[in-house]
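These protein sequence lines map, in sequence, to chains A and B. Taking numbering that gives the first Met the number 0, the leading residue of the first sequence gets 0, the next gets one more, and so forth. Taking numbering that gives the first Met the number 0, the leading residue of the second sequence gets 0, the next gets one more, and so forth. Virtual Cβ for every residue (Gly too), placed ideally from N, Cα, C.
Protein chains: 2
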Amino acid sequence: MTEQILTLDDALSLSERVLEANGFSPDHARAIARTIWQGQRDECQSHGLYRLIVCTHTARSGKVSTDALPDITDAAPGLVRADAKGAYSLLAFERGLPILVEKTRRQGIAALAINHCYHFSALWPEVEAIAAEGLVALAMTPSHAWVAPYGGTKGVFGTNPLAFAWPHADAPPFVFDFATSAAARGEIELHRRAGKAIPEGWAVDADGHPTTDAEAAMKGAMLTFGGHKGSALSAMIELMAGPLIGDFLSLESQAYDAGAGATPYHGELLIAIDPNIFMGGQVAHHTQRAEALFDAILGQGARLPSQRRYEARARSLASGTVSIPKALYDDILALI
Amino acid sequence: MTEQILTLDDALSLSERVLEANGFSPDHARAIARTIWQGQRDECQSHGLYRLIVCTHTARSGKVSTDALPDITDAAPGLVRADAKGAYSLLAFERGLPILVEKTRRQGIAALAINHCYHFSALWPEVEAIAAEGLVALAMTPSHAWVAPYGGTKGVFGTNPLAFAWPHADAPPFVFDFATSAAARGEIELHRRAGKAIPEGWAVDADGHPTTDAEAAMKGAMLTFGGHKGSALSAMIELMAGPLIGDFLSLESQAYDAGAGATPYHGELLIAIDPNIFMGGQVAHHTQRAEALFDAILGQGARLPSQRRYEARARSLASGTVSIPKALYDDILALI
Chain A
0 MTEQILTLDD
10 ALSLSERVLE
20 ANGFSPDHAR
30 AIARTIWQGQ
40 RDECQSHGLY
50 RLIVCTHTAR
60 SGKVSTDALP
70 DITDAAPGLV
80 RADAKGAYSL
90 LAFERGLPIL
100 VEKTRRQGIA
110 ALAINHCYHF
120 SALWPEVEAI
130 AAEGLVALAM
140 TPSHAWVAPY
150 GGTKGVFGTN
160 PLAFAWPHAD
170 APPFVFDFAT
180 SAAARGEIEL
190 HRRAGKAIPE
200 GWAVDADGHP
210 TTDAEAAMKG
220 AMLTFGGHKG
230 SALSAMIELM
240 AGPLIGDFLS
250 LESQAYDAGA
260 GATPYHGELL
270 IAIDPNIFMG
280 GQVAHHTQRA
290 EALFDAILGQ
300 GARLPSQRRY
310 EARARSLASG
320 TVSIPKALYD
330 DILALI
Chain B
0 MTEQILTLDD
10 ALSLSERVLE
20 ANGFSPDHAR
30 AIARTIWQGQ
40 RDECQSHGLY
50 RLIVCTHTAR
60 SGKVSTDALP
70 DITDAAPGLV
80 RADAKGAYSL
90 LAFERGLPIL
100 VEKTRRQGIA
110 ALAINHCYHF
120 SALWPEVEAI
130 AAEGLVALAM
140 TPSHAWVAPY
150 GGTKGVFGTN
160 PLAFAWPHAD
170 APPFVFDFAT
180 SAAARGEIEL
190 HRRAGKAIPE
200 GWAVDADGHP
210 TTDAEAAMKG
220 AMLTFGGHKG
230 SALSAMIELM
240 AGPLIGDFLS
250 LESQAYDAGA
260 GATPYHGELL
270 IAIDPNIFMG
280 GQVAHHTQRA
290 EALFDAILGQ
300 GARLPSQRRY
310 EARARSLASG
320 TVSIPKALYD
330 DILALI
């Protein structure tokens, strides 16, 4: 496949240009473009420049507001609320972040609830942004009700990702960001397109029977990772990033979509903790303990989550470029 | 096996008497006895009256303080710290709880860090106690470094349980409490004693090879549930309930134990969230959404976590009694 090389700067400005050309306000275009650019920089192809096509498609369908400015509310000493008012989540996150950081440094622990947002992005850029402020971060969202609970056969949960970041002073943070479904929905779709069987444990068919047929899986329900434990964790995310912040369940997001197949519409919960406060002022000492944990993992040949992504980032930053298929590049240019 | 029936009241007072007769101060005896009694009431045999034997054994070994009163510190608007000063965790939890509740109601979200405690108990009694105040609760602890990270072969993580509670006004809360190891260490020990093979995926031997030999597993390392995702979650718990609160990693707890085989010594992190604040005052409406989630799970024949435990609780409360093996009862009486 022919590749198109873009400088990092060109990748970012192209993304902004495409989004603005498709009706997004400059603020939204910048927030979305930056996240897409981060995905491409880290070689997460499915969260990279490819997403410009999905975003503009959704914008053209009229579902997503392309210019609503988020309402930021100081809801309590430990809670800031960012109402996205039917736009994508990313500008709401950007506007809520400074207040979350300030609250966390004052309270020790605080939360940012994003409401009424369309959500397509990975959570790691957000927990990384919080960790860049020296804070520990957790993030979670529902999605559409594609995933059956343990022992069940029908979709109730979303793919319900959970992300976590632990800050490092002079290096990228320790970060994980995983779906609580056994596999990403996109993975099953890729198997379906390729006519390949999916592994056991990923899904059940419409009758609730285990299946390795990707087509049947797309019509049935996905399963959670890790049996009843993963299912319990998914329920927690559904409750905390749904009803607890006064927003949709994955079931409600799917009903609201009414078969349109658009980006899920729901809320997001982020929790931040200040190590300066929680470590009782002895940050250097206790941070060193965390490093001992990472050393014990790496020292036996195991990997840390995000390690591959950080290696990709280092490559992109060293070369100053990213690379996408020429066909995708042409599709993106056609959007302007 | 002959069973001994005890009234619920007798089970509680016997537990207190045994603990006091073995040197525990009345305050510690009451806090520990209550937790043990809750385990027996819910028919969690390994967390029931059997634990009196473990507690008194550990007390007699001189490792655990039987009378230190916890130091409670108002560390920040969102953080109360309870230093157990080398005693069991349960009195520290009891003394920290009212301040955690008050802070959560004021801030929206707050945390209780328990430090320098010996820890033997399940986490569900604690998240249930927080939910009884109408709050959402999370709890986590490290333990000893028995569990290898994904892709590794040597113990680094503890069995690192995570517990969660979602309050119900007139019914027991939605609760889960699971180890992030594939199985409980006690399960492997039971297989070893019975000379039975353990399932694949539970452990590796001392050379790092997958094993179904329980004896080899006890000398090797346990594995996390759910592959790299369970491993990432275990790392999060290790960091948050260890260095973040200024306390031991599972590696440090095990080194401190120095082969004595005593109860792990470390910290515990509890986080509480007030739905009144997070739901923006519309508690009835959003609580109803959570009920719709539970109905969607139960309606397809799946179970909720803790459902079996609550059925056991209902049986115990209806009969007013609990039942333990006569041999265990005799062993307990011999401790007085």
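Span of the alpha helix (DSSP H) around residue i
i, result
"B/Ile276", "274 to 277"
"B/Val282", "282 to 297"
"A/Ser249", "249 to 256"
"A/Glu186", "184 to 193"
"B/Ile52", "50 to 59"
"A/Ile236", "226 to 239"
"B/Leu316", "306 to 318"
"A/Lys218", "213 to 218"
Per-residue burial, residue i [other beta carbons within 10 Å of its own, 16 or more giving buried]
i, result
"B/Pro141", "buried"
"A/Gln281", "exposed"
"B/Glu251", "buried"
"A/His208", "exposed"
"A/Asp329", "exposed"
"B/Ile358", "The requested residue 358 of chain B is not part of the displayed model; chain B covers only 0 to 335."
"A/Gln287", "exposed"
"A/Met0", "exposed"
"A/Glu93", "buried"
"B/Ser305", "buried"
"B/Asp273", "buried"
"A/Gly279", "buried"
"B/Ala168", "exposed"
"A/Glu267", "buried"
"B/Asp176", "buried"
"B/Glu127", "buried"
"B/Gly38", "buried"
"A/Gly185", "exposed"
"A/Arg307", "exposed"
Residue i - partner residues in DSSP beta bridges
i, result
"A/Glu267", "A/Ile113"
"A/Phe156", "A/Val146"
"A/Asp176", "A/Ala162"
"A/Ile323", "A/Gln3"
"B/Thr223", "B/Ser180"
"B/Thr210", "B/Ala202"
Where the beta strand (DSSP E) containing residue i begins and where it ends
i, result
"A/Ser164", "Reading off the sequence, residue 164 of chain A comes out as Ala, not Ser. It spans 160 to 165 - the beta strand (DSSP E) in which A/Ala164 sits, taken as one unbroken run."
"A/Ile4", "2 to 6"
Heavy atom of the ligand ADP within 6 Å of residue i beta-carbon
i, result
"B/Ile187", "Absent from the structure shown: the ligand ADP. Ligands present: none."
Interface residues of chain C facing residue i [CB-CB closer than 9 Å]
i, result
"A/Thr286", "In the structure shown, chain C cannot be found, because the protein chains are A and B."
* Where in the stretch 11 to 46 of chain A do unbroken runs of the alpha helix (DSSP H), each at least 4 residues long, occur, reported from the N-terminal end onward? -> 25 to 40
* Asked: What are the start and end residues of each continuous alpha helix (DSSP H) run of 4 or more residues lying completely inside the stretch 66 to 151 of chain B, in chain order?
  -> 88 to 106, 123 to 130
* May I ask you to list, following chain order, the residues of the stretch 76 to 94 of chain A that have a beta carbon less than 9 Å from some beta carbon of chain B? => Pro76, Gly77, Leu78, Arg80
* Asked: Between the stretch 200 to 220 of chain B and chain A, which residues of the former have a C-beta closer than 9 Å to a C-beta of the latter?
  -> Gly207
* To do: Output, in sequence order along the chain, the residues in the stretch 152 to 172 of chain A whose CB is closer than 8 Å to any CB in chain B.
  => Thr152, Lys153, Val155, Leu161, Phe163, Trp165
* To do: Closer than 8 Å, Cβ to Cβ, to anything on chain A: give me those residues from the stretch 100 to 125 of chain B, in chain order.
  => Arg105, Gln106, Gly107, Ile108, Ala109, Ala110, Ala112
* Interfacial residues, the stretch 132 to 150 of chain B to chain A, with Cβ spacing under 7 Å -> Val135, Pro148, Tyr149, Gly150
* To do: Please list the residues of the stretch 227 to 241 of chain B that have a C-beta atom closer than 9 Å to any C-beta atom in chain A, keeping them in chain order.
  => His227, Lys228, Gly229, Ser230, Ala231, Leu232, Ala234, Met235, Glu237, Leu238, Met239, Gly241
* Asked: Going along the chain, which residues of the stretch 309 to 321 of chain B sit with their C-beta nearer than 7 Å to a C-beta in chain A?
  -> none
* Could you list the residues in the stretch 292 to 303 of chain B with a C-beta less than 7 Å from some C-beta on chain A, going in chain order? => Leu292, Ala295, Ile296, Gln299, Gly300, Ala301, Arg302
* In the stretch 265 to 276 of chain B, which residues sit with their C-beta less than 9 Å from some C-beta in chain A, listed in chain order? -> Leu268, Ile270, Ile272, Asp273, Pro274, Ile276
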